[in-house]
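Trainee:
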Amino acid sequence: MTNRLGIFGGAILMASLALTGLGRAQTISYADAVTVLAKDCGADIKKHCRGLNLGNNEIRNCLEQNQAKVSPACTSTLASVVASIQMRLEAQASVFKVCAGRAKQLCKGVVGEEHILQCLIKTERLDGEKCNAAITNAGWR
Amino acid sequence: MTIHGFRYCLTLALLLAAGTAGAQQLSDKQLIASLGQAAQAAPIVDVGLLVQEVNANVGKGVATLPNWSQLANLAQLAVEIDFENDSTAIEPASYRTIGLIADALHDPRLRHYKFLVVGHTNATGKAEHNLELSMKRADAIMVALTTTFSVPANHLIAIGVGQEMPLDATNPKAAANRRVQLINLGLAN
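From first to last, the protein sequence lines stand for chains W and A.
Position 30 (the first sequence) corresponds to 29 in numbering that gives the first Met the number 0; numbering is contiguous.
Position 62 (the second sequence) corresponds to 61 in numbering that gives the first Met the number 0; numbering is contiguous.
1. Using the three-state DSSP reduction, which class does V44 (chain A) fall into: helix, strand or coil?
2. Pull up the distance between the alpha-carbon of Y94 (chain A) and that of E128 (chain W), whole angstroms please.
3. Can you pull out the residues from the stretch 106-129 of chain W whose beta carbon lies closer than 7 angstroms to at least one beta carbon of chain A?
4. If we require 3 or more residues per run, which beta strand (DSSP E) segments fall completely within the stretch 27-92 of chain W?
5. So, does the CB of L36 (chain W) fall closer than 8 angstroms to a CB anywhere in chain A?
6. Between V50 (chain A) and E79 (chain A), what straight-line distance do the alpha-carbon atoms span, to the nearest angstrom?
7. What is the DSSP secondary structure of H119 (chain A), counted as helix, strand or coil?
8. What residues from the stretch 82-99 of chain A come within 9 angstroms of chain W, judged by C-beta to C-beta, listed N to C?
9. Output needed for H154 (chain A): all residues of its chain with C-beta closer than 6 angstroms, excluding positions within five of it in sequence on either side, in chain order.
10. For a contact defined as C-beta to C-beta under 9 angstroms, what are the partners of Q104 (chain W) on chain A?
11. Considering only DSSP beta bridges, list what F82 (chain A) is partnered with.
12. Kindly say whether A101 (chain A), judged by its beta-carbon, lies nearer than 8 angstroms to any beta-carbon of chain W.
13. With DSSP run on the structure shown, which of helix, strand or coil describes N136 (chain W)?
14. Please confirm whether A99 (chain W) has its beta-carbon closer than 8 angstroms to some beta-carbon of chain A.
15. Contact criterion: CB-CB distance below 8 angstroms. Does Q180 (chain A) meet it with respect to chain W?
16. Do the stretch 130-137 of chain W and the stretch 24-34 of chain W make contact, defined as three or more Cβ pairs closer than 8 angstroms?
17. Under a Cβ-count criterion, where at least 16 other Cβ atoms within 10 Å of its own Cβ denotes burial, should A88 (chain A) be classed as buried or exposed?
18. Of the residues W:R87, W:V94, W:K96 and W:R59, which one's Cα is nearest the Cα of A78 (chain W)?
19. Anything in chain A within Cβ reach of I44 (chain W), meaning under 7 angstroms, just list it in chain order.
20. Just to make sure I have the definition right: I need the residues of chain A whose C-beta is within less than 8 angstroms of the C-beta of S75 (chain W). Which are they?
21. Compute the Euclidean distance between the alpha carbons of R140 (chain W) and I120 (chain W), then round it to the nearest angstrom.
22. Against Q91 (chain W), what residues of chain A qualify as contacts under a CB-to-CB distance less than 7 angstroms, listed in chain order?
23. Am I right that A71 (chain A) and G185 (chain A) are in contact with their C-beta atoms under 8 angstroms? What's the rounded C-beta distance?
24. Note down, in chain order, every chain W residue with its Cβ under 7 angstroms from the Cβ of A143 (chain A).
25. Going along chain W in order, which residues have a C-beta closer than 8 angstroms to the C-beta of F148 (chain A)?
26. Please list, in chain order, the chain W residues whose beta carbon lies closer than 9 angstroms to that of R177 (chain A).
27. Is DSSP giving L181 (chain A) helix, strand or coil here?
28. What does a CB cutoff of less than 6 angstroms around K172 (chain A) pick up in its chain, not counting 5 residues either side in sequence?
29. Distance, Cα to Cα, D27 (chain A) vs V69 (chain W)?
30. By the three-class DSSP mapping on this structure, what secondary structure does E61 (chain A) have?
31. Between the beta-carbon of L99 (chain A) and the beta-carbon of A74 (chain A), is there less than 8 angstroms?
32. Per DSSP, what kind of secondary structure is L117 (chain W) in: helix, strand or coil?
33. Taking 8 angstroms as the threshold (beta carbon to beta carbon), is V69 (chain W) in contact with chain A?
34. If contact means a Cβ-Cβ distance below 9 angstroms, which residues of the stretch 106-131 of chain A contact chain W?
35. Determine the extent of the beta strand (DSSP E) in which G108 (chain W) is found, giving its start and end residues.
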């Protein structure tokens, strides 16, 4: 049952990452990412990576080094999770740079990241593809 | 507001300790709402003094000491994070909670603040050992947040307080006393 759920979780993750249509996030939240990781890799982590931690890439390195022994579902989930986290981090770091021009145009006089973001969410239709993609992939919509 | 914040923290900690569905009851929205209530006249916290106080009072408790008692006035939240037995390795079942914290700390409403991560144990085992373990576990949480989730290292400070500040003081061995506090220390420089 756990395994079936795990594969199911992985499939959802892969599907959501594969959808690149406009307005659809190519990332999932950090919480959802590591939840799928725990679901699909929990048993392998317990078996092969005891005592190792989520930080410093310990779990990732351990699962990659033990790939021959780790379940295929875990290996594929790990790759998607790493990609999603990386992409979301980049999106979050880039939103206010990528959207700076539009913000200046569309959100005159608005001060503070939180308020600029709220403004940009309202002006979505005029924000342009790159700015919209950054906000969406940052998970801030 | 302070009292409300503290009650909220109590309620959440209890909810989280209540059952297996606990982790799903916490959301990044709750984290952002509780941690974002930065008090106007928030006391300045000297982390060095907190460490000094706890080191000098192992087994005696710190809740009423000058520096530790000030923490109650800051925006905060307590969460449950499970570790392997007597280890600093975070259980996969608690990865979600770490991920929720990462989501919240990157949010535009919180990402310019600095946070204190305080590790607590219950009173099972030796007080000295509990203090050391809580410190290492708080550190493991900080490392997960700053490496895997790239939270800026200068936005987090991890300290442990062992069994010295129980949530349930009348029942020091209660599982609810094992928790992690996240405390908003104000804007990061």
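Even for Gly, the Cβ is constructed at its ideal location relative to N, Cα and C.
Mentor: So, from the listed chains and residues:
1. coil
2. 33 angstroms
3. Answer in chain order: E112, E113 and L116.
4. The qualifying runs do not exist here; there are none.
5. Between L36 (chain W) and chain A, the shortest Cβ-Cβ separation is below 8 angstroms.
6. Whole-angstrom Cα-Cα distance: 22 angstroms.
7. Three-state result, H119 (chain A): strand.
8. E83, S86, T87, A88, I89, E90, P91, A92, S93, Y94, R95, T96, I97, G98 and L99
9. K113 and A187
10. Simply none; closest approach about 20 angstroms.
11. A:I89
12. yes
13. helix
14. no
15. no
16. A contact exists between the stretch 130-137 of chain W and the stretch 24-34 of chain W.
17. Within 10 angstroms of the beta-carbon of A88 (chain A) lie 16 or more other beta-carbons, which makes it buried.
18. W:R59
19. P91
20. Here the premise fails: no neighbours, minimum Cβ distance about 17 angstroms.
21. Straight-line measurement puts the Cα of I120 (chain W) at about 7 angstroms from the Cα of R140 (chain W).
22. H105
23. Not really, about 16 angstroms apart at Cβ, beyond 8 angstroms.
24. N52, L53 and G54
25. Y29, I84 and L88
26. At a beta-carbon threshold of 9 angstroms, none of the residues of chain W lie near R177 (chain A); the nearest stands roughly 18 angstroms away.
27. strand
28. N121, A122 and T123
29. 31 angstroms
30. The amino acid at residue 61 (chain A) is misidentified as Glu; the sequence shows Val. Looking at V61 (chain A) - three-state DSSP - the assignment turns out to be coil, as it is neither helix nor strand.
31. no
32. Residue identity check: residue 117 (chain W) is Gln in the sequence provided, not Leu. DSSP places Q117 (chain W) in helix when its eight states are reduced to three.
33. So, not an interface residue.
34. D106, P107, R108, R110 and H111
35. Where G108 (chain W) is concerned, there is no enclosing beta strand (DSSP E), given that its DSSP letter is neither H nor E.
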